[in-house]
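Asker: Below are the structure tokens for one structure; questions will follow.
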Amino acid sequence: MKKRASRAAATRDTAGVRSLIASLPKTEIHLHIEGLVSVDSIWSLIGKHKLDLGIKSKDELRQRFHVTSLNEFIDLFINIIQACFLTEDDLTYLVEDARTYLTRNNIRYAEIFFAPTKLIKNGLDFDRMVERLDQGAEELRADGLEVRYIVDVSRGFGVENAMRNLDLTLANGSSNIIGLGLGGAEQAGPARDYQPVFEKAMAAGLKVVAHAGEDVGPESIWDTIEILGAQRIGHGISAIEDQKLMTELARRAVPLEICPTSNLFTRKYARTLEEHPIRAFYDHGMYVTVNTDDPTLFGVDLDDEYMRLYEAGIFSVPELLQIMKNGVFATFLPEQRKAELWNAIAAAVSGSPFADVLPA
Ligand SMILES: [Zn+2]
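Residue numbers (our numbering): 1363 to 1722.
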């Protein structure tokens, strides 16, 4: 049945698949709010704050957004983007860019990372930032776009800073903040150091996730599931080097937030899409989801991520639908809401020429 369905899908044209993907009300679970900022917003903020970042025109800024290496990406992120947010009101730009991105990709529900540390260092107040983000969530809801936030603490700033951000989050108590995530360069410090932070977050009822196995080997992923108790893994692609880990991740059904284009920038475990372990993970029965990480910085939309996997012949349409379904059921929403979101996708597929390839 599955084989027949795949062949049926393969005979359909690429434009048809693209319009199907675009039409489906999707979810995304690995997305950094600073990573969806637009050139227009950054240009406006440079003007607003009269910043001298050595960029003379919007065209020059647009060029800087066309990053072609990880170093260029890091330079753009730290020296330009993060340097532009100097008041809580500046977050309004991020909310508006989120609206544009989510609408363009027909993403109805997203769990978005928000990294407060650098902004606090820029002089912003945590509670006032959250107030602005809460207001943003409310404004987006009016457009049928639902978002929740995950506070992203970076390994680069250390354990003490992570604990401080957790304490600020707990004291604030916003219902839009549903979790804590460990991010930043894996090389900067092992996940296990953050065990007390994760334990406290979980005890307080927050969900916990961690970037792992993006830039460091499988031991980093073992630590995040065994020691931190992470409920989802950001990337996790170095698991390809450890069959036992792959089997364990499949057995525990730990969702992997895979961001193919981002991984090709890192160039650590895949240099081409064909080399990417996502297919091997899927075949191993692992819980694979597809995400963008930092869409405007990598110049990729969520719809493109799905399309590229299809066009490269890595996944068939029914398999992509299964991955989209995983993306719904890997969210931290209540079961009832997950079922509603999946039913909305299923209904859209049913009404399309692809009705016969809907996963069970
Ligand atoms: Zn990420």
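Heads up, the beta-carbon is just placed ideally off N, CA and C, and yes, glycines get one too.
Please read all numbers here as calculations on a predicted model, not as lab measurements.
1. Given that a residue counts as buried once 16 or more other Cβ atoms are within 10 Å of its Cβ, and exposed if not, what is Gln1425?
2. With distances taken Cα to Cα, identify the nearest neighbour of Gly1518 among Phe1439, Gln1549, Leu1382, Glu1561.
3. Hey, how far is the Cα of Ser1400 from the Cα of Leu1423?
4. Would a C-beta distance cut-off of 8 angstroms place Thr1628 and Leu1438 closer than the cut-off?
5. What do you reckon, are the CB atoms on Ile1589 and Gln1557 nearer than 8 angstroms?
6. Which first and last residues belong to the alpha helix (DSSP H) in which Leu1453 is found?
7. May I have the straight-line CA-CA distance separating Leu1725 from Asp1414, to the nearest angstrom?
8. At a cut of 8 angstroms, does the stretch 1454-1461 reach the stretch 1482-1493 through at least three beta carbon pairs?
9. What span of residues does the alpha helix (DSSP H) with Ile1469 cover, start to end?
10. When the Cα atoms are used, what is the spatial distance from Pro1715 to Arg1380?
11. Can you tell me where the alpha helix (DSSP H) holding Ser1678 begins and where it ends?
12. Would you decide whether Asn1688 is buried or exposed? Buried here means 16 or more other CB atoms lie within 10 Å of its CB.
13. Provide the residue span of the beta strand (DSSP E) that contains Thr1651, from first to last.
14. State yes or no: is the C-beta of Asp1655 nearer than 7 angstroms to some heavy atom of ligand 1?
Answerer: Reading from the atomic positions:
1. For the purposes of this step, residue 1425 is taken as the residue at position 63 of the sequence shown. With fewer than 16 Cβ atoms within 10 Å of its Cβ, Gln1425 is classed as exposed.
2. By 1-based counting over the sequence shown, the position of residue 1518 is 156. Comparing Cα-Cα distances from Gly1518 to each of Phe1439, Gln1549, Leu1382, Glu1561, the minimum goes to Gln1549.
3. One-based indexing of the sequence shown puts residue 1400 at position 38. One-based indexing of the sequence shown puts residue 1423 at position 61. Near 10 angstroms, if we compare the C-alpha coordinates of Leu1423 and Ser1400.
4. Taking the first residue of the sequence shown as 1, we reach residue 1628 at position 266. Taking the first residue of the sequence shown as 1, we reach residue 1438 at position 76. Not in contact: Thr1628 and Leu1438 (Cβ atoms no closer than 8 angstroms).
5. On the sequence shown, position 227 is the one that residue 1589 refers to. On the sequence shown, position 195 is the one that residue 1557 refers to. Yes, Cβ-Cβ distance for Ile1589 and Gln1557 is below 8 angstroms.
6. Sequence index remark: in the sequence shown, residue 1453 carries index 91 (1-based). Element bounds for Leu1453: 1453-1466.
7. No answer is possible for residue 1725: the residues shown for the chain start at 1363 and end at 1722.
8. no
9. Looking up residue 1469 in the sequence shown gives position 107. From DSSP, Ile1469 is part of no alpha helix (DSSP H) but of the beta strand (DSSP E) over 1469-1476.
10. In the sequence shown, residue 1715 corresponds to position 353, counting from 1. In the sequence shown, residue 1380 corresponds to position 18, counting from 1. If I take the Cα positions, the gap works out to 12 angstroms.
11. The count along the sequence shown starts at 1 and reaches residue 1678 at position 316. First-last for Ser1678: undefined, no H or E at that position.
12. The residue you call residue 1688 lines up with position 326 of the sequence shown. When all chains shown are included, Asn1688 counts as buried.
13. Position 289 of the sequence shown, counting from 1, holds the residue named residue 1651. From DSSP, the beta strand (DSSP E) with Thr1651 extends over 1650-1652.
14. Counting from one through the sequence shown, the residue named residue 1655 turns up at place 293. Yes; taking the cut-off as 7 angstroms, the Cβ of Asp1655 has a heavy atom of ligand 1 nearer than that.
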